[in-house]
């Protein structure tokens, strides 16, 4: 027993000692490096989901061990992780400086001649450059080839950072390559950027190699790749940023990449720092880092058609989206170019197993939908596709984040260049395919900012936009036939129909001329749908950036219009009359200009056609008294009563009390089992079948009266509709309530009208509330408003049930205290008359039959 106890104590002590050792090691690395690579095991998937927003998962989850995660965190995030009390281990190899061979001119330029002799580096690279060599080589490209190369610096980091940072300030550099590199031409821009994660630098030397290859092949007419490269640079603008996170790569020294980390100078993961398409602006809870803002500013001012960003740690082409399992609108195109990239690497690698990540969701090895692999929020790929309309894809090009210099026993940076060279070039060429064109103002012939979208296809930023001053646009897309819409602020939209394109094809479309919005260019394609008895939804083609739409409608034959407004290109009309024909028109206002009224469109409200329901014989009992809200109705012995001349007046959210008193045969004192139901057609579609339209019910019993209450839902449509009250006799108690459309032996059914109105149109004042309206209801002609003797100056407003003003008048010096209003042009229905003075205001209801 003592032996077992000692063993238990020993094992517990060993575990405690190991935990302490891991924690001490973690603190050491966090102090030295600013970030920590570690592995943890969670208890549940929920914990995994929570931690995914705290620490960076290093290339997702192992499907065989989904709760075990390789992660990277800075000091603050690791402290948050510790609060989960999960076990973790630290792989020293991942956190210690690497043995890396840097470029040494005495070795790597020995015996070099030709262009490499004048360069700082020699190509293709077989070792990593120091930071100074990198910067100088970027300048060498331009100094020696300024006719086709231009150096762009989008910013310089501050030189400060978190604990352990000593790399100083670094530039964010691009080389731009094109035939007329200093002149903006009508041609697509394509972009590569590498190593947003500072320790994933397989793409860093390859991007420098690619720049060198483009320059060499372009200028050497005898180069086997001259024709292809010349065609690319003559017809596009190629932007290449070999190192997107120099602070992370050269964290502790500008002469070595051996201590490179994932994050930037502050150990923040910049591929979790971008806004998410779902609207989350700061998914990592941090301000945008300097590097993030500079790349966002570049993408906002400079339109890129396609882009690729290079990572390491896996070998796979990762296409959008990363933040959701949903597919991108151009998913088929994404799969096409991803498969092409992987296939090109397979061909170039020959018998070497390369780019063979197997995702069961894809039929081709080496490609994956981002979220199918693992979900991340704040990635640059999603930002570029959604916010900047750039078809950006992520390329993981090495299982090793920091592959060795060449030559080595396993594949090295030269091997990776050779495996990817063909794929690098062909992906950029994809940016020259697709629909291309220019959008101009029809009056001035000048280019304009416009949005170009594929109808019934584009969503979530997949459309493209023109760029000034040239007004050109470029739209890569999978082969097919498409309708293309052109829109611009305060211009009439235009649709180019039935445009056909194939894969790997460039189609230059004719210039599109958009007409500026004017008084002559009114909204078009008016339509009505969701037609009900007393409501309808109307819409029209959107005018981009229109600030307001004015709508007017009326029953055909009426002499006056009802007006309303909308800030979108649709609205719902309520308070209409069943079985009637209406007409409507629309104007648009944009930048202070209001169009003329559109052509008239008509629609018909549906016919009131409720199902029949009744008791066949009232001798067995009938409804004698109904009290529902303001209805207090005594009825006679009959199987059905049409009481639609009586109306229940209610508002959304109002609680309505009910009481039903049955009358039993001969008033003999014998009690009968009756069941009850009340229905209201809230959506005015001519039936009582929709959810929540049976507002109250009671199984059969001998109770009388029966009482209850119900609430008018917020989803109810304003206007006039039908209420049905039903009482059904049973031989026994506790039988089901009657249904809305049945005929039964004994009992009664009564139909009423319900007016669902907005009762918040006014706040009554004690004096004003004594004004009166007569006649009310009115069938046709004039009504008289009688004001209190004290009131001589006042305003009158007549509103319909939607709150829309149909009549206004300012009355001055009215000493006879009466005012006449002609209602002949008003449609039948419920109105509210509001009188207002300096004292306040009061509102009363008017019914026009």
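Residue numbers (mature numbering (1 follows the signal peptide of the UniProt record, and there is no 0)): -19 to -1, 1 to 830. Positions of the beta carbon are idealized from the N, C-alpha and C atoms, including for glycine.
Problem - Proximity of residue 446 and residue 433 at Cβ, strictly below 8 Å - result: In the chain shown, residue 446 corresponds to position 465, counting from 1. In the chain shown, residue 433 corresponds to position 452, counting from 1. Yes, the pair counts as a contact, with Cβ atoms nearer than the cut-off.
Handout entry: residue 615: CB within 7 Å of a non-hydrogen atom of the ligand HEM
Key = For the structure depicted, the ligand HEM is absent and the ligand set is empty, with no information on it obtainable.
Practice task
Please classify residue 672: is it buried, with 16 or more other beta-carbons within 10 angstroms of its beta-carbon, or exposed?
Solution key: On the chain shown, residue 672 is found 691 positions in, with the first residue counted as 1. Classification for residue 672: exposed.
Exercise for the section: For the segment 588 to 614, list the alpha helix (DSSP H) runs that are entirely contained and at least 4 residues long, ordered along the chain. Expected result: none
Practice task
Compare the Cα-Cα distances from residue 210 to each of 406, 308 and 381 and report the closest residue.
Solution key: Indexing the chain shown from 1 puts residue 210 at position 229. Closest by alpha carbon: 406.
Handout entry: Three-state secondary structure (DSSP) of residue 99
Key = In the chain shown, residue 99 corresponds to position 118, counting from 1. Of the three classes helix, strand and coil, the one that applies to residue 99 here is helix, per DSSP.
Handout entry: Three-state secondary structure (DSSP) of residue 394
Key = Within the chain shown, residue 394 is the residue found at index 413, counting from 1. DSSP places residue 394 in helix when its eight states are reduced to three.
Problem - Cross-strand partners of residue 571 (DSSP beta bridge) - result: Taking the first residue of the chain shown as 1, we reach residue 571 at position 590. In the DSSP output, where bridge partners are listed per residue, residue 571 has 574.
Practice task
Run the CB neighbour count on residue 811, radius 10 Å, all protein chains shown included, and call it buried at 16 or more, exposed below.
Solution key: Counted from its first residue, the chain shown places residue 811 at position 830. Label assigned to residue 811: buried.
Problem - Collapsed DSSP secondary structure at residue -15 in the structure displayed - result: Here residue -15 refers to the residue found at position 5 when the chain shown is read from its first residue. Its pLDDT being 45, under 50, residue -15 is placed unreliably by the model, and nothing is read from it.
Exercise for the section: Measure the CB-CB distance between residue 142 and residue 150 and report whether it falls below 8 Å. Expected result: The residue labelled residue 142 in the question sits at position 161 within the chain shown. The residue labelled residue 150 in the question sits at position 169 within the chain shown. Taking 8 Å as the Cβ cut-off, residue 142 and residue 150 do not qualify as a contacting pair.
Exercise for the section: Just grab the DSSP bridge partners of residue 157 for me. Expected result: Here residue 157 corresponds to residue number 176 of the chain shown, with the count starting at 1. Paired residues: 131 and 220.
Practice task
Figure out for me which residue from 632, 664, 738 and 732 has the closest Cα to the Cα of residue 691.
Solution key: On the chain shown, residue 691 is found 710 positions in, with the first residue counted as 1. For residue 691, the nearest C-alpha among the options comes from 632.
Exercise for the section: Taking only beta-carbon positions, decide if residue 629 is within less than 8 Å of chain D. Expected result: Within the model displayed, chain D is absent; a lone protein chain is all it includes.
Handout entry: Buried or exposed by the 16-neighbour rule on C-beta atoms within 10 Å, applied to residue 327
Key = As a working note, residue 327 is residue 346 in the chain shown. Residue 327 should be labelled buried.
Practice task
Using a threshold of 8 Å, state whether the C-beta atoms of residue 362 and residue 377 are closer than that.
Solution key: Your numbering for residue 362 matches position 381 in the chain shown. Your numbering for residue 377 matches position 396 in the chain shown. Not in contact: residue 362 and residue 377 (Cβ atoms no closer than 8 Å).
Problem - Sub-8 Å separation of residue 787 and residue 807 beta-carbons - result: Stepping through the chain shown from its first residue, residue 787 is reached at position 806. Stepping through the chain shown from its first residue, residue 807 is reached at position 826. Against a cut-off of 8 Å, the Cβ pair of residue 807 and residue 787 comes out as a contact.
Practice task
With residue 273 as the anchor, note down where its alpha helix (DSSP H) starts and where it stops.
Solution key: As a working mapping, residue 273 is identified with position 292 in the chain shown. First-last of the alpha helix (DSSP H) with residue 273: 271 to 282.
Exercise for the section: Buried or exposed for residue 827, please, with buried defined as at least 16 other CB atoms from any protein chain shown within 10 angstroms of its CB. Expected result: Counting from one through the chain shown, the residue named residue 827 turns up at place 846. Looking at its Cβ environment, which holds 16 or more other Cβ atoms inside 10 Å, residue 827 is buried.
Handout entry: Closest by C-alpha distance to residue 720, when choosing among 682, 670 and 768
Key = Start at 1 with the first residue of the chain shown, and residue 720 comes out as number 739. When each option's Cα is compared against that of residue 720, the closest is 670.
Handout entry: Local conformation of residue 336 per DSSP, three classes
Key = Start at 1 with the first residue of the chain shown, and residue 336 comes out as number 355. It is coil, neither helix nor strand.
Exercise for the section: Count the C-beta pairs between the segment 157 to 171 and the segment 224 to 238 that are closer than 8 Å, then say yes if the count reaches three, no if not. Expected result: no
Problem - C-beta atoms of residue 297 and residue 348 nearer than 8 Å - result: Within the chain shown, residue 297 is the residue found at index 316, counting from 1. Within the chain shown, residue 348 is the residue found at index 367, counting from 1. A contact, by the Cβ cut-off of 8 Å.
Problem - Cβ neighbour criterion (16 or more within 10 Å) applied to residue 471 - result: Here the question's residue 471 lines up with position 490 in the chain shown. Its Cβ being crowded by 16 or more others within 10 Å, residue 471 is buried.
Exercise for the section: State whether the segment 17 to 24 contacts the segment 40 to 57, with contact taken as three or more CB pairs (one from each stretch) at a distance under 8 Å. Expected result: yes
Problem - Three-state secondary structure assigned by DSSP to residue 116 - result: In the chain shown, counting from the first residue as 1, residue 116 sits at position 135. Residue 116: helix per DSSP, three-state reduction.
Problem - Sub-8 Å separation of residue 683 and residue 714 beta-carbons - result: Locating residue 683 in the chain shown gives position 702, where the first residue counts as 1. Locating residue 714 in the chain shown gives position 733, where the first residue counts as 1. Result yes, Cβ atoms of residue 683 and residue 714 sit closer than 8 Å.
Problem - For residue 529, three-class secondary structure by DSSP - result: Here the question's residue 529 lines up with position 548 in the chain shown. If DSSP states are grouped into helix, strand and coil, residue 529 belongs with the strands.
Exercise for the section: Determine the contact status of residue 763 and residue 620, defining contact as a CB-CB distance below 8 Å. Expected result: Position 782 of the chain shown, counted from the start, is the residue given in the question as residue 763. Position 639 of the chain shown, counted from the start, is the residue given in the question as residue 620. No, they are not a contact pair.
Exercise for the section: Within the same chain, show all residues whose beta-carbon is closer than 6 Å to that of residue 505, passing over the 5 residues directly before and after it, in chain order. Expected result: For this step, residue 505 is matched to residue 524 along the chain shown. The residues are 522.
Handout entry: Rounded C-alpha distance that separates residue 624 from residue 643
Key = Position 643 of the chain shown, counted from the first residue, corresponds to residue 624. Position 662 of the chain shown, counted from the first residue, corresponds to residue 643. Those two C-alpha atoms are separated by around 17 Å.
Practice task
Answer with buried or exposed for residue 478, where buried requires no fewer than 16 other C-beta atoms within 10 angstroms of its C-beta.
Solution key: Taking the first residue of the chain shown as 1, we reach residue 478 at position 497. Counting Cβ neighbours within 10 Å, residue 478 comes out exposed, since fewer than 16 surround it.
Handout entry: Run of the beta strand (DSSP E) containing residue 831, from where it starts to where it stops
Key = Nothing can be reported for residue 831: it is not among the residues displayed for the chain, which extend from -19 to 830.
Practice task
Classify residue 72 as buried or exposed, calling it buried when 16 or more other Cβ atoms lie within 10 Å of its own Cβ.
Solution key: For the purposes of this step, residue 72 is identified with residue 91 of the chain shown, where counting begins at 1. Exposed, because fewer than 16 other Cβ atoms sit within 10 Å of the Cβ of residue 72.
Exercise for the section: Pull up the DSSP beta-bridge partners for residue 52, would you. Expected result: Reading the chain shown from its first residue, position 71 is the one you call residue 52. For residue 52, which the question treats as bridged, DSSP gives the partners 19 and 38.
Problem - At least 3 beta-carbon pairs within less than 8 Å: the segment 167 to 177 vs the segment 75 to 83 - result: no
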